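Reviewing the structure listed below.
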Amino acid sequence: MIVVVGLSHRTAPINVRELIALPRDVVPAVLSEIVAHPDVGEAMLVSTCNRVEVVAAGKHGFDGADLGRVAVQVSQALVQRAPGLEGNLYQRLGGEGVRHLFRVASSLDSLVLGEPQILGQVKGAFETARQAGTVGSALNRAVPRAIRTAKRVRSETAIGMGQVSVPSVSVDLAKQIFGDLKGRTVMLIGSGEMAETVARLLGGGGARILIVGRNKLRVAELTRSVGGEGRQWEDVKATLVEADVVITSTSAPTYVVDHDLVKSVRKQRRGRSLFFIDLAVPRDVDPRVESLANTFLYNIDDFSKVVAGTLSSRQHEAERAERIVLEETQGYQRWREVAQMTPTIVALREHFQRILAAELERSLKGRLKHLGPEEHQALNKMCEAALNKMLHHPTARLRETAAEYGVESRPVEQLVAAIDELFVLEGEHPELHALPDATASAEPAEPDPEVELSGTHAAIGTRGR
Amino acid sequence: MHDLATIAFYLGVIAYSASATLFFLDLVRREGAGAAARWAPYLLGVGAAMHAGHVVTASLLSHVCPVESVHFALSLSAWIVTILYLLVRRRLRLHAVGAFVASVALTFLVGAQFVGITRAGPGGQRGLLAAHVTSNVIGMALFLLAGMAGAFYLVQERQLKAKRVSWFTAKLPPLDALDRTEHRLLLAGFPLLTFGIVTGAVFAAHMQQASAGEILRAALAYTTWFVVAGVLILRAVAGWRGRRAAYGTIAGVVCVLIVILLYVIHPAVGAGA
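Chains as they are written, first to last, in this note's numbering: chain U, 1 to 465; chain S, 1 to 273.
Below is the structure:
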């Protein structure tokens with residue numbers, strides 16, 4: 001099982017989070033420090049501007065260590081690196097840790113619900129940990145499952161749909177009107193942080209930026225910071241003919257772009273779509289412009305409504321996403337329970353294999369001495385197939401019971417005891433009676449009984465001959 | 001051979017139905033059709049392959065060339081719509097239009113079964129008839145797809161003008177892509193429609209007496225030609241794009257659909273052979 005130790009925007013203010021802000025190149029060293037602790041066997045570090053979390057596991061994979069001790073040692077490692085974190089770190093152990101990891105990867109714990117970056121950051125963190133050699137059986141199972149959960153959440157809910165900031169909504173709308181922004185012309189009138197961000201984003205998409213203003217110095221300054229080409233105010237009409245998107249953000253008390261101006265350039269524009277992004281208060285673009293064909297006008301209120309609508313819709317979707325996370329967490333835990341039955345299954349199989357191999361060997365030296373290599377091979381194959389068929393039902397039953405009641409439940413104990421007693425396995429396989437530790441050496445595949453049955457062992461005949 | 005045609009027909013119906021359902025669910029559900037949506041275009045492709053198989057085997061069985069029969073002409077026009085769509089879907093970001101395309105293909109494949117497989121047109125002019133039907137079939141397919149793009153344009157434009165920006169608008173293709181697609185398809189279909197009208201006039205000259213249905217069909221064909229010509233000329237001369245062009249295209253397509261409907265409800269008309 002895993003533990004998660006860390007801090008996030010929910011538990012620590014920015015001045016605390018700053019203490020442990022880790023550059024990417026330092027992460028492998030931090031991971032090595034963490035796994036150097038006596039009980040910590042595996043570690044992965046997710047570091048974003050809103051969270052720093054260590055996902056760790058004990059020395060022996062799933063259950064090899066006391067999770068509490070692992071969590072304490074990870075906390076110590078973090079505090080050692082950034083004194084001042086004491087009291088700000090949270091710990092999620094076992095099933096809680098798994099659920100937390102799944103929620104983080106699915107962006108349910110993010111500052112902006114449903115933001116897509118976190119999944120990439122979790123993937124990146126996992127890759128870094130793998131390269132640093134701090135990933136073992138526990139993380140190798142939990143993290144890919146977290147990534148799978150996140151993908152399910154994104155594909156089965158609409159949590160990532162829509163945009164949650166004015167600049168991103170503006171760009172989305174521009175793409176909804178024009179499709180590809182490459183080769184489009186954006187006209188920027190006025191300045192302002194938001195307007196400049198929108199212009200930069202559109203420019204980043206391949207659009208050409210034309211900056212128009214009354215103040216030549218300001219235009220020159222904007223041209224440098226945003227990129228693009230500066231134009232004089234006298235050129236506003238000519239620029240409007242070229243433009244596909246017009247961003248306005250001036251402090252003018254009256255409309256800067258009025259109805260008549262837009263109407264007058266319609267003929268020269270030859271019906272091309274025109275998208276006005278009016279970010280000014282008071283407004284820069286005459287609202288009557290909207291009535292013109294192929295002209296779209298959005299002001300700051302319109303954008304705010306779109307953003308509010310998206311946030312509320314994401315909140316609604318989060319409930320469905322939580323259900324998926326819960327389902328996946330339970331699925332993961334069920335699988336773990338089943339995986340812990342592996343030593344019993346292995347022991348049972350080896351017991352039968354030994355008997356079959358011994359009998360086969362005796363026969364091949366005795367009455368079946370005359371058989372050639374091909375017949376030997378056929379006999380081996382037949383024995384292996386018979387063994388698979390004989391063990392199929394008991395194996396499936398053991399797994400089902402473990403999945404249904406848990407590995408430490410009475411029904412499972414009874415089944416294991418019955419197998420021991422009926423087949424006298426106890427003396428042959430002492431590891432059977434220390435189930436949790438034994439799982440580390442018999443790393444199971446994801447539930448696939450057939451694969452495990454045929455893949456765990458070498459052919460019977462290799463021992464028999 | 002008969003069994004082969006029937007199997008291809010039913011497989012085509014199943015594939016088109018599944019594709020239409022997936023495209024439709026992907027369009028109208030907030031979370032889409034999930035991973036299954038990926039299969040919608042593939043199923044459409046399978047449907048088109050089965051459709052083609054059905055047309056080929058059925059025409060061999062009936063000894064009627066596909067371009068000499070109204071039955072096959074209807075079926076083929078929908079098949080061409082499907083193939084065209086599959087070719088331009090990715091490049092023009094027209095995924096959502098698939099819901100219409102798959103439904104139209106299904107309707108035409110099934111609908112054509114109600115039209116008898118008889119060779120149309122006066123005997124002795126089979127070459128001209130084949131050219132007439134081929135140009136009309138391809139032209140009709142191009143106009144149908146243009147009409148779908150126009151319909152999507154109007155929906156998307158209305159949503160954006162009304163500021164109803166939601167998950168639904170995000171699923172519709174960009175306005176300019178729809179407008180461009182519509183224009184290109186009209187441009188490609190117009191010469192074919194013109195050729196179809198000219199060859200149709202040649203056939204009309206050979207007929208001694210035209211029925212009311214034939215006169216109506218000819219009138220609608222001329223109307224379509226004028227509407228489409230108007231849309232193209234006004235776009236070139238006066239910059240009529242977007243909503244106006246979409247309305248014009250849809251008007252032209254409505255005329256085409258009425259012509260098709262006339263063939264379906266009165267299949268015997270025009271069967272000179």
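Heads up, the beta-carbon is just placed ideally off N, CA and C, and yes, glycines get one too. None of these values were measured; they are calculated from a predicted model.
Check residue i in the structure and name its three-state DSSP category.
{"i": "Val-256 (chain U)", "result": "coil"}
{"i": "Gly-230 (chain U)", "result": "strand"}
{"i": "Gln-340 (chain U)", "result": "coil"}
{"i": "Asn-50 (chain U)", "result": "coil"}
{"i": "Asn-294 (chain U)", "result": "coil"}
{"i": "Gly-309 (chain U)", "result": "helix"}
{"i": "Ser-249 (chain U)", "result": "strand"}
{"i": "Leu-7 (chain U)", "result": "strand"}
{"i": "Asn-215 (chain U)", "result": "coil"}
{"i": "Val-165 (chain S)", "result": "coil"}
{"i": "Gly-406 (chain U)", "result": "coil"}
{"i": "Ser-441 (chain U)", "result": "In this prediction, Ser-441 (chain U) has a pLDDT of 38, which is less than 50 and means its spatial position is unreliable; nothing more can be read from the coordinates."}
{"i": "Leu-94 (chain S)", "result": "coil"}
{"i": "Val-101 (chain S)", "result": "helix"}
{"i": "Leu-279 (chain U)", "result": "coil"}
{"i": "Leu-222 (chain U)", "result": "helix"}
{"i": "Gly-127 (chain S)", "result": "helix"}
Whole angstroms is fine: what's the gap from residue i's alpha carbon to residue j's?
{"i": "Ile-234 (chain S)", "j": "Thr-249 (chain S)", "result": "Note that residue 234 (chain S) corresponds to Leu in the displayed sequence, not to Ile. Computed Cα separation, rounded: 12 Å."}
{"i": "Arg-275 (chain S)", "j": "Gly-206 (chain U)", "result": "One cannot answer for residue 275 (chain S) here, as it falls past the ends of chain S, which runs 1 to 273."}
{"i": "Ser-249 (chain U)", "j": "Val-122 (chain U)", "result": "38 Å"}
{"i": "Val-64 (chain S)", "j": "Leu-74 (chain S)", "result": "14 Å"}
{"i": "Thr-439 (chain U)", "j": "Val-346 (chain U)", "result": "At Thr-439 (chain U), the pLDDT of 38 sits below 50, so the modelled position is not reliable; the number obtained from the coordinates is stated separately. Their Cα atoms are separated by approximately 11 Å."}
{"i": "Val-13 (chain S)", "j": "Leu-106 (chain S)", "result": "6 Å"}
{"i": "Val-307 (chain U)", "j": "Ser-19 (chain S)", "result": "33 Å"}
{"i": "Asp-176 (chain S)", "j": "Leu-11 (chain S)", "result": "36 Å"}
{"i": "Thr-197 (chain U)", "j": "Leu-279 (chain U)", "result": "12 Å"}
{"i": "Arg-93 (chain S)", "j": "Gly-252 (chain S)", "result": "24 Å"}
{"i": "Gly-97 (chain U)", "j": "Val-3 (chain U)", "result": "5 Å"}
{"i": "Thr-21 (chain S)", "j": "Gly-160 (chain U)", "result": "24 Å"}
{"i": "Pro-41 (chain S)", "j": "Leu-86 (chain S)", "result": "7 Å"}
{"i": "Gly-192 (chain U)", "j": "Tyr-247 (chain S)", "result": "40 Å"}
{"i": "Leu-119 (chain U)", "j": "Ile-147 (chain U)", "result": "7 Å"}
{"i": "Glu-337 (chain U)", "j": "Ile-355 (chain U)", "result": "29 Å"}
{"i": "Ser-8 (chain U)", "j": "Trp-335 (chain U)", "result": "29 Å"}
Does chain U have any CB closer than 7 Å to the CB of residue i?
{"i": "Asp-176 (chain S)", "result": "yes"}
{"i": "Ala-35 (chain S)", "result": "yes"}
{"i": "Arg-158 (chain S)", "result": "no"}
{"i": "Lys-163 (chain S)", "result": "yes"}
{"i": "Trp-167 (chain S)", "result": "yes"}
Kindly say whether residue i, judged by its beta-carbon, lies nearer than 7 Å to any beta-carbon of chain S.
{"i": "Ser-264 (chain U)", "result": "no"}
{"i": "Ala-470 (chain U)", "result": "Nothing about residue 470 (chain U) can be read from this structure; chain U reaches only from 1 to 465."}
{"i": "Arg-270 (chain U)", "result": "yes"}
{"i": "Ala-318 (chain U)", "result": "no"}
{"i": "Met-161 (chain U)", "result": "yes"}
{"i": "Ile-324 (chain U)", "result": "no"}
{"i": "Ile-177 (chain U)", "result": "yes"}
{"i": "Ser-155 (chain U)", "result": "yes"}
{"i": "Gly-57 (chain U)", "result": "The question names Gly, but residue 57 (chain U) is Ala in the sequence shown. Output row for Ala-57 (chain U): interface = no."}
{"i": "His-146 (chain U)", "result": "The amino acid occupying residue 146 (chain U) in the given sequence is Ala; His does not appear at that position. So no, Ala-146 (chain U) is outside the interface."}
{"i": "Ala-150 (chain U)", "result": "no"}
{"i": "Ala-158 (chain U)", "result": "yes"}
Let me see if you follow: with CB-CB separation under 7 Å, is residue i close to chain C or not?
{"i": "Val-231 (chain S)", "result": "The structure shown contains no chain C; its protein chains are U and S."}
(request) Give the residues from the segment 236–249 of chain S that approach chain U closer than 9 Å (Cβ to any Cβ), ordered along the chain. (result) Ala-238, Gly-239, Trp-240, Arg-241, Gly-242, Arg-243, Arg-244 and Ala-245
(request) Taking a Cβ distance cut-off of 7 Å, strictly less, list which residues of the segment 86–115 of chain S are near chain U, in chain order. (result) Arg-93
(request) May I have a chain-ordered list of the alpha helix (DSSP H) segments no shorter than 4 residues that lie completely inside the segment 192–216 of chain S? (result) none
(message) Give the list of continuous beta strand (DSSP E) stretches no shorter than 3 residues that lie fully inside the segment 367–395 of chain U.
(response) none
(request) Write down every uninterrupted run of the alpha helix (DSSP H) in the segment 128–198 of chain U whose length is 4 residues or greater and which is fully enclosed by it, in chain order. (result) Taking 4 residues as the minimum length, the alpha helix (DSSP H) runs contained wholly in the segment 128–198 of chain U are 137–156 and 166–178, in order along the chain.
(request) Below 7 Å between beta carbons is the criterion; list the residues of the segment 195–214 of chain U that meet it against any residue of chain S, in chain order. (result) none
(request) Enumerate, from N- to C-terminal direction, the unbroken alpha helix (DSSP H) stretches of 4 or more residues contained entirely within the segment 43–128 of chain U. (result) 67–81 and 94–105
(request) Please name the residues in the segment 3–35 of chain U whose beta-carbon is closer than 9 Å to at least one beta-carbon of chain S, in chain order. (result) For the segment 3–35 of chain U, which is checked against every Cβ of chain S, not one residue is closer than 9 Å.
(message) My parser needs the alpha helix (DSSP H) runs of 4 or more residues fully inside the segment 28–66 of chain S; what are they?
(response) With a minimum length of 4 residues, the continuous alpha helix (DSSP H) runs that stay inside the segment 28–66 of chain S are 39–62.
(request) With 8 Å as the limit, tell me which residues of the segment 293–307 of chain U have their beta carbon closer than that to any beta carbon of chain S; keep them in chain order. (result) Ala-293, Asn-294, Phe-296, Tyr-298, Asp-302, Lys-305 and Val-306
(message) Give me the subset of the segment 233–255 of chain U whose CB atoms are less than 8 Å from a CB atom of chain S, sorted by chain position.
(response) none
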